[in-house]
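Undergrad: Each protein sequence line maps, in turn, to chains P and V. Numbers 2 to 511, taken from the working numbering, label the letters of the first sequence in order. Numbers 2 to 511, taken from the working numbering, label the letters of the second sequence in order.
2 protein chains.
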Amino acid sequence: MSRDRRTRRISRRDKHPADPEATTIAKIAQPLNTLPPYELVNEEGIAKIHNASLEILSDVGIDFYDDEAQAILIQHGVRMQGDTAFFDREMIAEYVTKAPSQFTQLARNPERNVVIGGKHVCFAPVYGPPFVVNLDRGRREATLEDFRNFVKLTYQSEWLHHSGGTIVEPTDEPTHTRHLDMVYSHIKYSDKPFMGSVTSANNAADSVKMAEIVFGSEAMAEQPALLSLINISSPRRLDDRMLGALKVYAKARQALIITPFLFSGAMAPVGVAGTLVQLNAEALAGIVFSQMVNPGTPVVYGAFQTNIDLQSGAPVFGSPESQLALYTAAQLARKHKLPFRSGGMFASSKIADAQAAYESVMVMLPTVQAGVNFVLHAAGWLEGGLAAGYEKFVLDNELLGMFHKFMKGLDLSENGMAMESLRTVPTDGHHLGTPHTMQNFRQAFHRSTFFDYNSFEQWRDEGGITATEKANGRYKTLLRQYQPPSLDPAVDEALLAFMAKRKAEIKPEY
Amino acid sequence: MSRDRRTRRISRRDKHPADPEATTIAKIAQPLNTLPPYELVNEEGIAKIHNASLEILSDVGIDFYDDEAQAILIQHGVRMQGDTAFFDREMIAEYVTKAPSQFTQLARNPERNVVIGGKHVCFAPVYGPPFVVNLDRGRREATLEDFRNFVKLTYQSEWLHHSGGTIVEPTDEPTHTRHLDMVYSHIKYSDKPFMGSVTSANNAADSVKMAEIVFGSEAMAEQPALLSLINISSPRRLDDRMLGALKVYAKARQALIITPFLFSGAMAPVGVAGTLVQLNAEALAGIVFSQMVNPGTPVVYGAFQTNIDLQSGAPVFGSPESQLALYTAAQLARKHKLPFRSGGMFASSKIADAQAAYESVMVMLPTVQAGVNFVLHAAGWLEGGLAAGYEKFVLDNELLGMFHKFMKGLDLSENGMAMESLRTVPTDGHHLGTPHTMQNFRQAFHRSTFFDYNSFEQWRDEGGITATEKANGRYKTLLRQYQPPSLDPAVDEALLAFMAKRKAEIKPEY
């Protein structure tokens, strides 16, 4: 061993003398979901919903609040009446097929490139909360430090393949420049793929420019380095900010997720089927428009839907209605042969308690069984998306590990069938220590290293704490152990210079 | 209003002056699961497992440790070698078809009769824990009072259709007579269907006699009043106690659940497919034997399977492997055209925390999507089945309500599609208050009356408590509000007299 290597090892160990484990950095590749997708509705039912959506698109129309967008629509033969666009059935079919059914998003570490579509699954953290919550301080406004913390925790996760986007809103940074800090943090503290800003055309352009510093514009013309979330302002409306961002990304051939954001009973009907009619119409309008801007732009069919509580008006997460909608939306996406985004570890609960956990799996298990390709909000979501929970993040992450194993399906090989063991273990015997067990014990079962499987006595003697209390310790350990991925200093300097320039230029919008 | 009625109303109100709600007694009928069952494995895979099971049954054999059972097997053409029975393929097919694919179990309130099989779903509480746990006193040995409490809570649940069996072990009662107290408590404190004792032939006979006092032996010959749980002593063994109980119930034509109890890695191979080969062979052996004792005896194909943690040896609940096994076992039961029992709200966690909640839904949602007919352990299970949790019971019960709605599937009717609303609500409008919403708002969404959907501020101002803390209050309120169903005093006296006689007769076995 060279002196340098030994020194480095010792100094690393000295830095974290109390840490029992080495830093964990994603070792597991993006999984394939080998499970057959769950078909909730028969073909006839899916056709019924789709045909109703086509009726909405051709007869009721979708509003586009952007002059250039309207010009592009007219140029491609869309009938416009005021701000409202009417799409013919044939036009929808023609432009939807221009979008690829699968694409690769670049990561600055090529080993972490992700495939979006087909049987591939990509998990990303929560997106959008203005608050964070932990056991120590309760709920408070999120800061840039929180944002960085979640980027670091995501980077360290074996089960999250994507760094996400606005993991939390860094409310201590000015609104008009915080997109720069977010994009920079994703690049600096992680080497996983990430999302661009969608709050305006200019912010999207900044995201593209920062990505170009890292990836180069040539590589980005071949494969997208940004995947960005365009929400429809339901009912049936694309606003100027989202359209501005959409156009920037589509022109740069960067990937888009077009997501109607629907609460049944508010911006959609209380009928779940009706909500899906609307969702499908809105998503298709956005997707078709993206292909008119730049045919072949990678685009994901998105579905964010649940219902409101009709007594309080609050959205309800983990509801049985949202599961039905999720499964059906996935079937619609498959019909369109498009990558699909939906689901996540959704919860209405304010804290990482039993309610939050029940709610999260009530959505996440259908997410997996529906065959969702890109799962935003796969860790950390609380309070209907208003808060990101540190402990919740750790707990959700454990479930993601389990889903990786679940998605492998049933092994029906000779080894999986274990007939030799079945023939030879006697009726007063057991399978501990059989040759088959000894050959398979390491990979036979997924093992959470976090959940408690000890005896009651051992659990009690170790403090008798809840999983949430344990998660509090775990996330702090992870942040202490965090070590950044290397970043070319020239790239870092260029990014910092670009940010400094932009921060001097950008004026607050309001 | 007559004076009597008014008096009664006032006196009832006075009894519970502090109770905000009236006593809730199951109002909702047993649900139909309209969801298509999830087909994890293709037909070829199911045939492969079944054929391997037939090989085990014909070549490796199943042990029956009971002389009369062996005589019955020989009489029906089974090859015996020592205690080991070898079943031919044709014999399995012949006797499995003698069992009904669906049957009705009587409740002493006929409105609460349950159908077991087909698309019908029946939820029953946890079975077997020697301990109880609540927030006030932690974990302690269960008593007869705890048993009664859980019977009462089950009776009050809208979502539990069955009173279950050994909800907890009443450890303060002598082992040799506690079966009498349990059967009596089910009859006295509930009018839902219940399970008989299986700890010996005599205890089974006592259960039958007590049921006969309530239902009459004629009615019980037509339709079973008892449904009892026969576990296989895996690997490949039926012991004398279980066989004794099985014979008593089958001769009295009372329903049976034949359940191999399998932990992959211990009494079954680490391969999930191999575990299923064994499970299917063992279940079929028990089912075929029951049809040899009395053809046409209602029998449920049972599957209790998960894996052990190969590091600690402890069983793991909520594992991804157990989900794969559950889905596949359900497919095997459908192939056999038998009612199916599996799943439940399983958890390894010691307390009703986030871990317990995650684990529970990880099993319970597949339980529903697999199309399980009889779900034991649908509420209250903790610590790998060693403890019944009071708060866990309340929390699980909320999920059961959600599953009732989920099982209704997607409503694709004209009302569900809501096209008129979709056509008329403008792009700056919303669906609150539309005629469609007003017509549907009461039944559009399932609403948990327990989970918190309030704003953060409201939740905080109301104490900022966890769902588990809230459940602690809920179960106490329910027990305070409990009012027993009426029971014919003559029947009650006869039951008490029978119990007194038997308690004087029965000698401790050891």
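The beta carbon of each residue, even a glycine, is placed where N, CA and C say it ideally should be. All figures in this text were calculated on a predicted structure; none of them were measured in a lab.
Just curious, the alpha helix (DSSP H) that residue 299/V is in, first and last residue?
TA: Taken as a continuous stretch (DSSP letters only), residue 299/V belongs to no alpha helix (DSSP H), as it is neither H nor E.
Undergrad: Take every Cβ of the segment 445-459 of chain V, pair it with every Cβ of the segment 347-358 of chain P, and state whether three or more of those distances are shorter than 8 Å.
TA: Because the criterion of three Cβ pairs below 8 Å is met, the segment 445-459 of chain V and the segment 347-358 of chain P touch.
Undergrad: Using the DSSP secondary-structure output, state which residues sit across from residue 307/P in a beta bridge.
TA: Bridge partners of residue 307/P: 264/P.
Undergrad: Could you work out which residue in 111/P, 343/P and 146/P is closest to residue 331/P when comparing CA atoms only?
TA: Of the listed residues, the one whose Cα sits closest to residue 331/P is 343/P.
Undergrad: Listing by chain order, which chain V residues have their CB less than 9 Å from the CB of residue 225/P?
TA: Near residue 225/P there are no residues of chain V at all, since even the closest Cβ is about 30 Å away, more than 9 Å.
Undergrad: Using beta carbons (cut-off 9 Å, strictly below), is residue 359/V in contact with chain P?
TA: Yes, residue 359/V counts as interfacial toward chain P.
Undergrad: Report buried or exposed for residue 434/V, applying the criterion of at least 16 other Cβ atoms within 10 angstroms of its Cβ.
TA: Result: exposed.
Undergrad: Can you tell which of 71/P, 76/P, 372/P and 93/P has the C-alpha that lies nearest to the C-alpha of residue 55/P?
TA: Answer by Cα proximity: 93/P.
Undergrad: Who are the neighbours of residue 1/V on chain P, taking C-beta pairs under 7 Å?
TA: One cannot answer for residue 1/V here, as it falls past the ends of chain V, which runs 2 to 511.
Undergrad: DSSP three-state label for residue 408/P, please.
TA: The answer is coil: DSSP assigns residue 408/P none of H, G, I, E or B.
Undergrad: Which class does residue 289/P belong to by DSSP, given the choice of helix, strand or coil?
TA: Residue 289/P: helix per DSSP, three-state reduction.
Undergrad: Contact check, residue 327/P vs residue 270/P under 8 Å by CB: the rounded distance?
TA: 17 Å between Cβ atoms; not a contact.
Undergrad: Looking at chain V, is there any beta carbon in it that lies within less than 9 Å of the beta carbon of residue 243/P?
TA: Chain V, which has no Cβ nearer than 9 Å to the Cβ of residue 243/P, makes this no.
Undergrad: Would you mind stating whether residue 87/P and residue 60/P have Cβ atoms separated by less than 9 Å?
TA: Yes.
Undergrad: From residue 291/V to residue 484/V, what does the alpha carbon distance come to, in whole angstroms?
TA: Each residue's Cα considered, the two are about 39 Å apart.
Undergrad: Candidates 357/V, 446/V and 175/V: which alpha carbon is nearest residue 313/P's?
TA: Answer by Cα proximity: 446/V.
Undergrad: Hey, is residue 245/V close to the ligand ADP, as in C-beta under 8 Å from one of its heavy atoms?
TA: In the structure shown, the ligand ADP is absent, as is every other ligand, since no ligand is present at all.
Undergrad: Which of the three DSSP states, helix, strand or coil, is assigned to residue 61/V?
TA: Residue state, collapsed to three classes: helix.
Undergrad: State yes or no: is the C-beta of residue 192/P within less than 9 Å of the C-beta of residue 125/P?
TA: No.
Undergrad: Determine the DSSP secondary structure at residue 81/P, reduced to helix, strand or coil.
TA: Residue state, collapsed to three classes: strand.
Undergrad: For residue 24/V and residue 478/V, I'd like the C-alpha separation in whole angstroms.
TA: Note that residue 24/V scores a pLDDT of 46, beneath 50, so its modelled location is shaky and nothing firm can be said.
Undergrad: Could you check which residue in 91/V, 133/V and 179/V has the C-alpha nearest to that of residue 508/V?
TA: Minimum Cα distance to residue 508/V is reached at 179/V.
Undergrad: Would the beta-carbon of residue 341/P fall within 9 Å of that of residue 308/P?
TA: Result no, Cβ atoms of residue 341/P and residue 308/P do not sit closer than 9 Å.
Undergrad: Run down chain P in chain order and give the residues with a C-beta less than 8 Å from the C-beta of residue 441/V.
TA: By Cβ distance, chain P contributes 271 and 272.
Undergrad: Pop quiz: residue 354/P and residue 469/P are said to be a contact at Cβ under 8 Å. What is the actual Cβ separation, rounded to whole angstroms?
TA: Indeed, because the Cβ distance is near 7 Å, the residues count as touching under 8 Å.
Undergrad: Looking at C-alpha atoms only, which residue of 95/P, 45/P, 99/P and 51/P is the closest neighbour of residue 297/P?
TA: Residue 99/P is the option with its Cα nearest to residue 297/P.
Undergrad: Using a C-beta cutoff of 9 Å, does residue 291/V count as contacting chain P?
TA: So no, residue 291/V is outside the interface.
Undergrad: So which residues on chain V does residue 267/P lean against when the C-beta distance must stay under 8 Å?
TA: Going along chain V in sequence order, the residues near residue 267/P (Cβ under 8 Å) are 431, 432 and 433.
Undergrad: Taking beta-carbon pairs under 9 Å, can you tell me which members of the segment 285-309 of chain P lie near chain V?
TA: Per Cβ criterion, the list reads 308 and 309.
Undergrad: Are there 16 or more other CB atoms within 10 angstroms of the CB of residue 83/P, so buried, or fewer, so exposed?
TA: So residue 83/P ends up on the exposed side.
Undergrad: Going by CA-CA distance only, name the one from 301/V, 249/V, 123/V and 170/V that's closest to residue 143/V.
TA: Checked all of 301/V, 249/V, 123/V and 170/V; the closest Cα to residue 143/V is 170/V.
Undergrad: Threshold first: 3 residues or longer. Then list the beta strand (DSSP E) segments lying entirely within the segment 321-392 of chain P, N to C.
TA: List check, beta strand (DSSP E) in window: 341-343 and 388-390.
Undergrad: In whole angstroms, give me the CA-to-CA distance for residue 207/V and residue 272/V.
TA: Roughly 41 Å separates the two Cα atoms.
Undergrad: What distance in whole Å lies between the Cβ atoms of residue 371/V and residue 401/V, which are believed to be in contact at a cut-off of 8 Å?
TA: So it is not a contact: roughly 16 Å between Cβ atoms.
Undergrad: For the segment 213-263 of chain P, which segments carrying the beta strand (DSSP E) assignment without a break, of at least 3 residues, lie completely within its bounds, in sequence order?
TA: Qualifying beta strand (DSSP E) stretches, in chain order: 228-233.
Undergrad: Determine the burial state of residue 531/V: buried for a count of at least 16 other Cβ atoms within 10 Å of its Cβ, exposed for fewer.
TA: In the structure as shown, chain V begins at 2 and stops at 511. Residue 531/V is therefore absent and cannot be evaluated.
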